[in-house]
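For reference, the structure is listed below as C-alpha cells.
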Amino acid sequence: MMSNYCSRSSRCKSSPVPSGRCGAVRHEYPFADELLTSWHARQRHSRRGRGLPAPKAVRDRMGDWRHPDIRPTMAWINATADDLNVSAARLVEHSLAKHYPALPPDFLAWEHLPGSASSTGLIPIPRLHVSWCSRCLAEDFASDRPAHVRRQWVLAAVGFCHRHRWPLEDRCNGCGSRTWRFAMPARGPLRMICEACWQPMERTSAPALYAGKDTRVRWDHIIAFEQQCMGAIRGRTPDQFRFNFTSAGQLLNEVRDVCSLLTKKPPNDEYWWCRTRNIALNDFACDAMTPGYIGLQFYSSDTRNPLATASPLLRRCLLAAACGIIETNPDVGAALFGPEAPPAIERFIARTDRGGLDRLLMADGHWSSAFILQIKAARERMARRFMISKLEAAHRAIRNAFAHSSSNEQTKFNRSTGQI
Ligand SMILES: [Zn+2]
Ligand SMILES: [Zn+2]
26 MMSNYCSRSS
36 RCKSSPVPSG
46 RCGAVRHEYP
56 FADELLTSWH
66 ARQRHSRRGR
76 GLPAPKAVRD
86 RMGDWRHPDI
96 RPTMAWINAT
106 ADDLNVSAAR
116 LVEHSLAKHY
126 PALPPDFLAW
136 EHLPGSASST
146 GLIPIPRLHV
156 SWCSRCLAED
166 FASDRPAHVR
176 RQWVLAAVGF
186 CHRHRWPLED
196 RCNGCGSRTW
206 RFAMPARGPL
216 RMICEACWQP
226 MERTSAPALY
236 AGKDTRVRWD
246 HIIAFEQQCM
256 GAIRGRTPDQ
266 FRFNFTSAGQ
276 LLNEVRDVCS
286 LLTKKPPNDE
296 YWWCRTRNIA
306 LNDFACDAMT
316 PGYIGLQFYS
326 SDTRNPLATA
336 SPLLRRCLLA
346 AACGIIETNP
356 DVGAALFGPE
366 APPAIERFIA
376 RTDRGGLDRL
386 LMADGHWSSA
396 FILQIKAARE
406 RMARRFMISK
416 LEAAHRAIRN
426 AFAHSSSNEQ
436 TKFNRSTGQI
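Numbering (the numbering used here), first residue to last: 26 to 445.
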C-alpha cells in the first residue's frame with residue numbers, strides 16, 4: 026500500500042502534515058482540471074529537474090502511441106507515483122482517456138499528429154498543442170495558485186475558455202513567441218512565462234480586451250457550438266432542437282468533414298503543387314474570431330481533420346464556419362457573417378468540391394439525416410434560383426431583340442418615306 030508520507034524525509038514520516046507538505050518535499054496532486062504533463066512539469070520545476078525526466082509519448086507493444094496526458098502507460102504512472110509519493114490510481118483519474126473515454130484522437134490539438142511524417146520523412150514523437158486562457162492564468166496569480174494547463178485547452182474543438190468566455194491564445198502577446206516555461210518569481214506563485222521576452226502569459230491581448238458587444242455575441246454563439254461538440258466527445262447526444270436526429274458520432278463526423286471540405290484545395294487549382302489561399306474557408310470571414318487581425322486568410326490543408334493541427338485563430342474560424350453551416354437556425358449564420366451575407370450552407374455548397382460532398386452524402390449513417398436534408402433542400406433552392414435567373418436572362422434577351430428589330434423597322438420605314 027502507498028504510504029501517505031514522504032519517503033524522502035524522516036521529518037515527514039514521524040509527523041505528517043495534512044496539507045501534503047512535509048517540510049522537505051512537497052507531494053501534491055494535480056488540480057481537478059489539470060493536464061498530467063502540466064502537473065509533472067510543475068513538480069520538475071520545484072525539484073529543478075533533478076531525477077524527473079520530462080514525460081513523452083511512447084509506443085506500446087502493439088505499436089500504438091501512448092501519450093502521458095491521454096492514456097499513460099502503467100509503467101510511467103507507477104514510476105511517477107513512486108517518485109512523487111502520490112497514489113497511482115489518483116493519477117490515472119487525471120488522464121484525458123478517463124474524462125473523455127470516446128475521444129477521437131483528431132479532436133485533440135496536436136503539434137505533431139500520431140503517425141504523421143515530417144518533411145524529412147521521419148516520424149516525430151506526438152506532442153499536444155497547448156493553448157491558454159490569459160484570464161484563467163491571471164486568476165491563478167491573483168488567488169496565489171500556481172499557474173497550470175487545463176485539460177480543455179488541448180481539445181481541438183475548443184477555441185475559447187468556457188469559464189471566462191474568452192479566446193484562447195498560443196503566442197506571447199509581447200513578442201509573438203510560442204515557447205514558454207514555468208518560472209517562480211521572487212514573490213507570488215508559479216507562473217507561465219515567455220521564454221523569449223520573459224513576460225508572464227496572463228497578459229491579455231488588447232484587441233480582445235476592447236472587444237465590443239457584437240463581437241462577444243459572436244463568441245457566445247461559437248462557445249455554445251463548442252459545448253455541443255464537447256458533449257459529443259463525451260458521448261452525449263446533441264441538443265435535438267438545434268441538431269435534429271443527430272447522434273454524437275454524427276455531429277463529430279459533420280464537424281470534421283465540413284472543416285476538411287472548407288480547407289481542401291479546389292480540384293482544378295492551378296497551384297496544385299503547393300498550398301493555396303483559394304479555399305472555401307476564406308469566404309466565411311468573421312473578424313470577431315481573430316481579434317487583432319482583419320481579413321485574415323488561411324492556406325489549404327489536406328488533413329482529414331484540420332482542427333487537429335490548427336492554431337486557435339484557425340480553429341475559431343473553422344468552428345464559426347462549421348457552426349453557420351451545420352446549425353439549423355439561420356439567425357446564427359446571420360449573426361456570425363452579417364445579415365446581408367448569403368446563407369452559409371449555400372456558400373458552402375457553391376464553393377466546395379461537388380464530388381467530395383456527394384460521396385459524403387451517400388455514406389450511410391455517416392451524417393445525420395437532418396443535415397443531409399438541409400443540404401438537399403439548399404441545392405434545390407439554388408437550382409431553382411439558377412433556373413429563374415436563366416429564364417429572366419432569356420426573357421431580357423428576347424425583349425432586347427424585339428426592341429432592336431422594331432427600331433430597325435422604324436428606321437427603314439422612315440428612310441423609305443423620306444422622313445428624318
Ligand atoms: Zn479562462
Ligand atoms: Zn514574449
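All C-beta atoms in this analysis are idealised placements derived from N, C-alpha and C, irrespective of residue type, glycine included.
What is the DSSP secondary structure of residue i, counted as helix, strand or coil?
i, result
"E227", "coil"
"A310", "coil"
"F22", "There is no way to answer for residue 22, as the model of the chain reaches only from 26 to 445."
"I304", "coil"
"F56", "coil"
"L180", "strand"
"R340", "helix"
"R170", "coil"
"H429", "helix"
"T288", "helix"
"R175", "strand"
"A366", "coil"
"S63", "helix"
"S120", "coil"
"L128", "coil"
"L147", "coil"
"N330", "coil"
"T436", "helix"
"G213", "coil"
"A335", "coil"
"R72", "coil"
"Q417", "Going by the sequence as given, residue 417 is Glu instead of Gln. Helix at E417."
"C47", "Here C47 scores only 44 on pLDDT, less than 50, and its place in the model is too uncertain to base an answer on."
"L77", "coil"
"G358", "helix"
"C222", "coil"
"C348", "helix"
"N293", "coil"
Rounded to whole angstroms, how far is the Cβ of residue i from the Cβ of residue j, which I believe are closer than 8 Å?
i, j, result
"A333", "L133", "7 Å"
"A113", "A106", "4 Å"
"T288", "P331", "5 Å"
"L361", "A345", "5 Å"
Based on the DSSP secondary-structure assignment, which residues constitute the bridge partners of residue i?
i, result
"V83", "R91"
"H137", "R152"
"E194", "W157"
"F185", "P192"
"R424", "Partner(s): none; R424 has no beta bridge."
Residue i lies in the beta strand (DSSP E); which residues open and close that run?
i, result
"R206", "205-208"
"I319", "No beta strand (DSSP E) holds I319; DSSP gives it neither H nor E."
"R216", "216-219"
Residues in its own chain within less than 6 Å of residue i by CB, not counting five upstream and five downstream?
i, result
"S40", "With a pLDDT of 41 at S40, under the threshold of 50, the predicted position of this residue should be treated as unreliable, though the coordinate-derived value follows. Answer for S40: no residue qualifies."
"A305", "L287, R376, T377"
"A172", "L162, D165, L215, R216, M217"
"I95", "L121, A122"
"H154", "A134, W135, E136"
"P183", "Checking the sequence, you will find Val at residue 183 rather than Pro. Within the same chain, V183 has close Cβ partners Q177, E251."
"L321", "T315"
Can you name, in chain order, every residue of its own chain whose Cβ lies under 7 Å from the Cβ of residue i, other than the five neighbours on each side?
i, result
"P292", "D378"
"P97", "L61, R91, S120"
"L138", "P151, A333, T334"
"A66", "F207"
"T328", "T334"
"V117", "I102, K123"
"F185", "W191, P192, L193, W244, I247, I248, E251"
"A104", "none"
"R170", "P214"
"A257", "P263, A273, L276, L277"
Under 8 Å Cβ to Cβ from residue i, same chain only, skipping five residues before and after it: list those, please.
i, result
"W205", "C197, M217, I218, C219, E220, M226"
"A395", "F268, N269, F270, T271, T353"
At what residues does the alpha helix (DSSP H) containing residue i begin and finish?
i, result
"C254", "238-258"
"L116", "113-117"
"R384", "379-387"
"T105", "99-109"
Using a beta-carbon distance below 8 Å, is residue i in contact with chain B?
i, result
"H429", "Among the chains of the structure shown, chain B does not appear; only one protein chain is present."
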